[in-house]
Amino acid sequence: MVSIKARRILCLTILFALSANLAAISSARATSSAQTQNPAYTHLVYTGTSSFTSLSAASATDEGSSLEIRGGPSVDQLIPKSGSNAAHLPAKHIPTPTANAVATSNPGFSGFNGITHRDQRLSGTGTYTNTQFNKEPPDQGLCVGNGFVLEIINTALRVYTTSGSPLTATTAINQFFNLQPEVVRTTPLVFGNSTADPRCYFDSSTNRWFLTVLEIDLDASTAASLSPSRILLAVSQTGSPAGMWNMYELFTSDDGSNGTPIHSGCPCFGDQPLIGADANGFYISTNEFSTSLLNGLGGVFNGAQIYAMSKTALTSGILPTVVMFNTGAIPTPDAGGIWYTIQPATTPPGGSFQANTEYFLSALDFFSTTDNRIAIWALTGTSTLANLSPTLNLSQSIITTETYGQPPDALQKDGPRPLGTTTIPSLGGQKEKLELLAGNDDRMNQVVFANGKLWSAVNTIVQVPKDNPTTIGIAYFIVTPTLSGSSVGGSIAKQGYIAAAGGASVMFPAIGVNNSGQGVIAFTFIGPNDFPSAAYSTIDATSGAGSIHIASAGTAPEDETGFQATTSSVRPTGQLDGETTPRPPPIQLATYG
Numbered sequence: 001m002v003s004i005k006a007r008r009i010l011c012l013t014i015l016f017a018l019s020a021n022l023a024a025i026s027s028a029r030a031t032s033s034a035q036t037q038n039p040a041y042t043h044l045v046y047t048g049t050s051s052f053t054s055l056s057a058a059s060a061t062d063e064g065s066s067l068e069i070r071g072g073p074s075v076d077q078l079i080p081k082s083g084s085n086a087a088h089l090p091a092k093h094i095p096t097p098t099a100n101a102v103a104t105s106n107p108g109f110s111g112f113n114g115i116t117h118r119d120q121r122l123s124g125t126g127t128y129t130n131t132q133f134n135k136e137p138p139d140q141g142l143c144v145g146n147g148f149v150l151e152i153i154n155t156a157l158r159v160y161t162t163s164g165s166p167l168t169a170t171t172a173i174n175q176f177f178n179l180q181p182e183v184v185r186t187t188p189l190v191f192g193n194s195t196a197d198p199r200c201y202f203d204s205s206t207n208r209w210f211l212t213v214l215e216i217d218l219d220a221s222t223a224a225s226l227s228p229s230r231i232l233l234a235v236s237q238t239g240s241p242a243g244m245w246n247m248y249e250l251f252t253s254d255d256g257s258n259g260t261p262i263h264s265g266c267p268c269f270g271d272q273p274l275i276g277a278d279a280n281g282f283y284i285s286t287n288e289f290s291t292s293l294l295n296g297l298g299g300v301f302n303g304a305q306i307y308a309m310s311k312t313a314l315t316s317g318i319l320p321t322v323v324m325f326n327t328g329a330i331p332t333p334d335a336g337g338i339w340y341t342i343q344p345a346t347t348p349p350g351g352s353f354q355a356n357t358e359y360f361l362s363a364l365d366f367f368s369t370t371d372n373r374i375a376i377w378a379l380t381g382t383s384t385l386a387n388l389s390p391t392l393n394l395s396q397s398i399i400t401t402e403t404y405g406q407p408p409d410a411l412q413k414d415g416p417r418p419l420g421t422t423t424i425p426s427l428g429g430q431k432e433k434l435e436l437l438a439g440n441d442d443r444m445n446q447v448v449f450a451n452g453k454l455w456s457a458v459n460t461i462v463q464v465p466k467d468n469p470t471t472i473g474i475a476y477f478i479v480t481p482t483l484s485g486s487s488v489g490g491s492i493a494k495q496g497y498i499a500a501a502g503g504a505s506v507m508f509p510a511i512g513v514n515n516s517g518q519g520v521i522a523f524t525f526i527g528p529n530d531f532p533s534a535a536y537s538t539i540d541a542t543s544g545a546g547s548i549h550i551a552s553a554g555t556a557p558e559d560e561t562g563f564q565a566t567t568s569s570v571r572p573t574g575q576l577d578g579e580t581t582p583r584p585p586p587i588q589l590a591t592y593g
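Heads up: the sequence shown begins at 1 in the numbering used here, then just goes up one per residue.
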């Protein structure tokens, strides 16, 4: 028996002094604005209530576990702009920032170990015992409030105190949402519902928790993906995530079934659901793909879909009207482009919402090269979401920015690799080659609206210094939004890069900002002399990003099995999520290390 390898998720708490008088530097302004087509209307379905497994519940043991690895849907390369093109970018367009210093101490830092790979694999009780897959990469949701931390890793979730004491058992997502188990390990195997891409958010204005996950039905015998697809949504009944939750589902097939509109190439599914909120609404944004693509058949990418619904209705247990915008039907500034990964904003506890408006940001590198633009979006009229027929308007503008571009893959330090030994039958007696870690792409990451500004960041290709081999850096943007009626604009208040020396990479930024404009960007730090490590930098709108702090140094290389020993391999890496704590100045984030 081979034990399951653990992956640590480190919850970071960064404390720092507040500062005031943040300067706004208008170095770039929006250059265009556009209104969109009329939205469609759809609905949620109420599916019951649920709660976490109690802390005293027994979980499965290692016995019967195996080395099978199952990832979530992997179709991002089918977005017209995706697929690494970093090796072919003209050198004159590649950013060449100065490397950030690496700090020798972490003042105010504290943290605790969260859900491990083993915890996720062995979660589930009763009929859900031993029904979880081993899953990589470790996609994560994290939210904090009221003295609680809710963490989700792939298909398992758990509640802690902010000091790291567990309040529930690690609970299987399928058990929490009352779905069929992922897999029943009989002969033959029986496959259940497939879930992926978890997100969560604590909303201090309503004192409620929100949790979403993508769900796709599977053929019980073949594991082929079926229709319909859904976004599952859970909303807590109280201010404690360890209590009861109301459960909903949002159909995303968009083939005319279950009240969905009819889109080209569907039935479809909503990949990588992203979430945000303003004073009035809760928002979900997805990338829409044909479900047939998951079965190795042809299909299409239909662009980003935005769903808006009343936050008050959700927290009151009332089914709201859902307003849906298909941004794939909105022209882009570049012929042949299609809008993708439109990130909705959240607001920290104690922060001020923009009146009647939800903001979004998205990147504009449609063709896997470099770009110096981002889009700011505004959904106005959100106070009408409580009405039976809400009246909303979606607009967007283009802002000129610093250059960012399709990232390469990251080198990592070699070391103990038990899954790369010659004892694994699939390796054919050869040792697995050391893997690269995928830089994925330069889509917009998490967006926070705090202190009157929008804060976000992307992965980007960099050369540190110029003419050196390319590595992965982070380009961050602090944007001051403007509204004229229902039309949005914006300007850059601050922008810059986080980059590492010595061939190291920093990747997958997650940002948390308090209502005074003091923030932290958490990310993975990795390089030829460094195992994958948890790291962070502080950030504000005056000084930008500071030194790189290594919160928890890695102890071994990424060692996923399943690749051919005789060929080079690139391992997908997890996504980060982070949220602010209930009161400034603490900020709590999670990084994969």
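Where is the CB? At the ideal position from N, CA and C, for every residue including glycine. Please read all numbers here as calculations on a predicted model, not as lab measurements.
Residues bridged to residue i (per DSSP)
i       : result
Gly-203 : For the sequence presented, residue 203 should be read as Asp rather than Gly. Its beta-bridge partners are Arg-208.
Gln-446 : Gln-446 pairs with nothing; no bridge assigned.
Pro-481 : Gly-490
Gly-512 : Val-520
Cys-268 : Ser-290
Met-247 : Gly-48 and Ala-234
Glu-215 : Thr-195 and Arg-230
Glu-358 : Leu-379
Thr-42  : Val-322
Pro-166 : Tyr-160
Ser-54  : Beta-bridge pairing links Ser-54 to no other residue.
Gly-546 : Answer by DSSP bridge pairing: none, since Gly-546 is not bridged.
Val-462 : Thr-471
Gln-305 : Thr-286 and Asn-326
Any chain B beta carbon closer than 9 Å to residue i
i       : result
Ser-310 : You won't find chain B in this structure, because it holds only one protein chain.
Three-way DSSP call (helix, strand, coil) for residue i in this model
i       : result
Asp-197 : strand
Tyr-128 : helix
Lys-453 : strand
Ser-568 : Note that Ser-568 scores a pLDDT of 48, beneath 50, so its modelled location is shaky; the value from the coordinates is reported in the next line. Coil.
Thr-382 : helix
Asp-467 : coil
Ala-501 : coil
Leu-368 : Just to set this straight, residue 368 is Ser in the shown sequence, not Leu. Residue state, collapsed to three classes: coil.
Pro-331 : coil
Gly-351 : coil
Leu-179 : coil
Gly-111 : strand
Ala-23  : Bear in mind that a pLDDT of 30 at Ala-23, under 50, signals an unreliable position, so the number given afterwards is only what the model happens to contain. Three-state result, Ala-23: coil.
Leu-419 : helix
Gly-259 : helix
Asn-295 : helix
Alpha helix (DSSP H) segment containing residue i, residue limits
i       : result
Ala-313 : 311-315
Phe-176 : 173-176
Asp-119 : 117-122
CB of residue i within 9 Å of CB of residue j, strictly
i       : j       : result
Gly-503 : Thr-471 : yes
Ala-363 : Ile-376 : no
Leu-226 : Thr-291 : yes
Tyr-497 : Val-462 : yes
Ala-450 : Gly-546 : no
Leu-437 : Ser-368 : no
Asp-441 : Ile-153 : no
Leu-419 : Glu-432 : yes
Extent of the continuous beta strand (DSSP E) to which residue i belongs
i       : result
Pro-528 : No beta strand (DSSP E) holds Pro-528; DSSP gives it neither H nor E.
Asn-280 : Premise fails: Asn-280 is in no beta strand (DSSP E) and is neither H nor E.
Tyr-340 : Taken as a continuous stretch (DSSP letters only), Tyr-340 belongs to no beta strand (DSSP E), as it is neither H nor E.
His-263 : That residue, His-263, is in no beta strand (DSSP E); it is neither H nor E in DSSP.
Ser-552 : 549-552
Phe-325 : 321-326
Val-602 : Any property of residue 602 remains undetermined from this structure, which presents the chain solely from 1 to 593.
Ile-399 : 393-405
Val-159 : 156-161
Ile-152 : 148-153
Margin query: With three or more beta-carbon pairs closer than 8 Å as the criterion, would you say the segment 282-289 touches the segment 390-404?
Written below: no
Checklist line | the segment 292-305 touching the segment 336-346, judged by at least three CB pairs closer than 8 Å | finding: yes
Next item on the list: Flag this pair as touching only if the segment 212-230 and the segment 249-256 have three or more C-beta atom pairs under 8 Å; answer yes or no.
Entry: yes
Notebook entry, point to check: Contact between the segment 139-155 and the segment 186-206: three or more CB pairs below 8 Å?
Noted result: yes
Margin query: For the pair the segment 233-243 and the segment 251-261, tell me if three or more CB-CB distances fall below 8 Å.
Written below: Under the 8 Å Cβ criterion, the segment 233-243 does not count as touching the segment 251-261, having fewer than three qualifying pairs.
Check: Are three or more beta carbon pairs between the segment 515-533 and the segment 398-414 nearer than 8 Å?
Finding: yes
Note to self: Taking 8 Å as the cut-off, does the segment 201-210 touch the segment 310-325 (at least 3 CB pairs, one atom from each stretch)?
What the structure shows: yes
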